[in-house]
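Structure record follows, encoded as structure tokens.
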Amino acid sequence: MANGKPVKSSYKVKPLDVITVMMDRPRYENEIIPEDIPLTIVYEDPYLMVVNKPAGLVVHPGHGNYHGTLVNALAWHMKDNPDYDANDPHVGLVHRIDKDTSGLLVIAKTPDAKTNLGLQFFNKTTKRKYRALVWGIVEQNEGTIIGNIARNPRDRMQMAVMADPTVGKHAVTHYRVLERLGYVTLVECILETGRTHQIRVHMKHIGHVLFNDERYGGHEILKGTHFSKYKQFVNNCFDTCPRQALHAMTLGFVHPVTGEEMHFTSELPDDMTRLIEKWRGYISNRELE
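Those letters in the sequence shown? Residues 1 to 289, by our numbering.
This is the structure we're talking about:
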């Protein structure tokens, strides 16, 4: 526009003209749009709620993805909450799990609850147990993996355990074998720390990549035979659980207001349940080999 009036692109600007340009405002990174996305709420009171996140749901907007996330859903759910801070880009998030990991998350509904819960995670007093199906037979019945985690210098999309103990963030994962199933193992992983991709990276570090974890190579047939029936079976397993086989199953913390010990458990989702049943069937049906 020139002098408040629309003009053609061929208009020649004159001295003292006032030029107005209309542009789409870019969306601010911290701007959260409430969206009516269904939530599976396991528990809720005036101070917090516990949700069971399905696999495939991104937790937080970013990298051009501003819609359809857990945070958008939380913003909608809490928009009438008098303690809801519309300027909080995390909308009560205290911790996160990966997009293709399912399971439990605690959400703070007040600033004080968020501070209290955040300190519990920082002080490592929360209880977090995961179920994972990993490639290979884990020989030790239980163990502890200690290794600093940082961005993989050879692949910025991955995290990795650092050989140099001065690099990365301290990370500790405890694991326990639940069931050995041919060429895979069902394990329980207990987080002492909560680093990005921690279980996925630590299990790969000891030679047991999570089943169908594409980012870390678990979407390939890493163990087993070369027979076509076996390959067909594994590919069918990939289709059954088309994401890394990891579920945040147990979550425990102290209620930030009442001081009560809170403990929640989420059943394995259908895709992981069917995947494990397929491998159990494989054990009793060795003619696949």
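In this text, a Cβ means the ideal position worked out from N, Cα and C, and glycines have one as well.
Environment of residue i [buried if 16+ CB atoms lie within 10 Å]
i	result
G217	exposed
E287	With a pLDDT of 49 at E287, under the threshold of 50, the modelled position of this residue cannot be trusted; read the value that follows with caution. Exposed is the call here.
Y282	buried
R154	exposed
H170	exposed
R131	buried
Q244	buried
R274	exposed
N285	exposed
M159	buried
F4	The question names Phe, yet the displayed sequence has Gly at residue 4. G4 comes out exposed.
H95	buried
L119	exposed
P256	buried
E261	exposed
L48	buried
V21	exposed
K229	exposed
G259	exposed
K8	exposed
F233	buried
Rounded Cβ spacing between residue i and residue j (contact assumed at less than 8 Å)
i	j	result
Y66	I33	7 Å
T173	I137	Not confirmed; about 19 Å, so no contact.
R215	M157	6 Å
D83	T110	4 Å
G143	Y175	6 Å
V177	N141	5 Å
I37	N72	6 Å
Whether residue i touches residue j by CB criterion (8 Å)
i	j	result
G62	D100	no
V58	T40	no
L181	W279	yes
F264	L251	yes
L133	L186	yes
L268	W135	no
R200	L191	no
Residues sharing a beta bridge with residue i, DSSP
i	result
N52	L104
A150	A160
F264	L251
L70	Per DSSP, none; premise fails for L70.
K114	Paired residues: none, contrary to the question.
H202	In the DSSP output, where bridge partners are listed per residue, H202 has none listed.
K129	I190 and T250
E220	E220 pairs with nothing; no bridge assigned.
H308	With the chain represented from 1 up to 289, any question about residue 308 goes unanswered, as that position is not in the structure.
V209	For V209, which the question treats as bridged, DSSP gives no partner whatsoever.
Residue i: CB within 7 Å of a non-hydrogen atom of the ligand MN
i	result
L39	Here there are no bound small molecules, and the ligand MN is not part of this structure.
Is it a yes or a no for the region 105 to 120 touching the region 222 to 239, going by three-plus beta-carbon pairs under 8 Å?
no
Report yes or no: do three or more beta-carbon pairs, one from the region 188 to 199 and one from the region 149 to 161, lie closer than 8 Å?
yes
Determine, using beta-carbon pairs with one atom in the region 89 to 105 and one in the region 164 to 176, whether at least three such pairs fall under 8 Å.
no
Are the region 66 to 77 and the region 121 to 129 touching by the rule of at least three beta carbon pairs closer than 8 Å?
no
Counting Cβ pairs, one atom from each stretch, are 3 or more of them under 8 Å apart for the region 12 to 21 and the region 196 to 216?
no
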